[in-house]
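Have a look at the structure below before the remarks.
Numbering (my numbering), first residue to last: 1404 to 1487.
In structure tokens, the structure reads:
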């Protein structure tokens, strides 16, 4: 008997991602932006569990990457401006 895992409710990347459900569309720009914004927190959580990942591998390509970089860039710009 196999058990089906429910997709995670925080929309983080990983094996239980809602983008891995059969027939689901791949992660796009908005998902990439969200994953970039939450990446520092997800990295910390990912150190202790295998259920979450920083980057969604089932994505739409360049638009996901662009959103992810914008999300990560939000932290980089805050850090750089804070240090000045």
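Beta carbons: idealized from backbone N, C-alpha and C, even for Gly.
If I follow the unbroken alpha helix (DSSP H) through residue i, where does it start and stop?
| i | result |
| --- | --- |
| residue 1372 | The structure shown has nothing for residue 1372, since the chain only spans 1404 to 1487. |
Could you compute how far the alpha carbon of residue i sits from the alpha carbon of residue j?
| i | j | result |
| --- | --- | --- |
| residue 1430 | residue 1443 | 19 angstroms |
| residue 1419 | residue 1455 | 8 angstroms |
| residue 1428 | residue 1422 | 6 angstroms |
| residue 1414 | residue 1437 | 8 angstroms |
| residue 1441 | residue 1459 | 12 angstroms |
| residue 1479 | residue 1424 | 32 angstroms |
| residue 1468 | residue 1451 | 25 angstroms |
Give a yes or no on whether the C-beta atoms belonging to residue i and residue j are separated by under 8 angstroms.
| i | j | result |
| --- | --- | --- |
| residue 1446 | residue 1470 | no |
| residue 1475 | residue 1416 | no |
| residue 1466 | residue 1435 | yes |
For residue i, which residues in the same chain have their Cβ closer than 6 angstroms to its Cβ, ignoring the five residues on either side in sequence?
| i | result |
| --- | --- |
| residue 1462 | 1429, 1430 |
Once the 5 residues before and after residue i are set aside, which same chain residues still bring their CB inside 8 angstroms of it?
| i | result |
| --- | --- |
| residue 1439 | 1470, 1471, 1472, 1473, 1474, 1475, 1476, 1477 |
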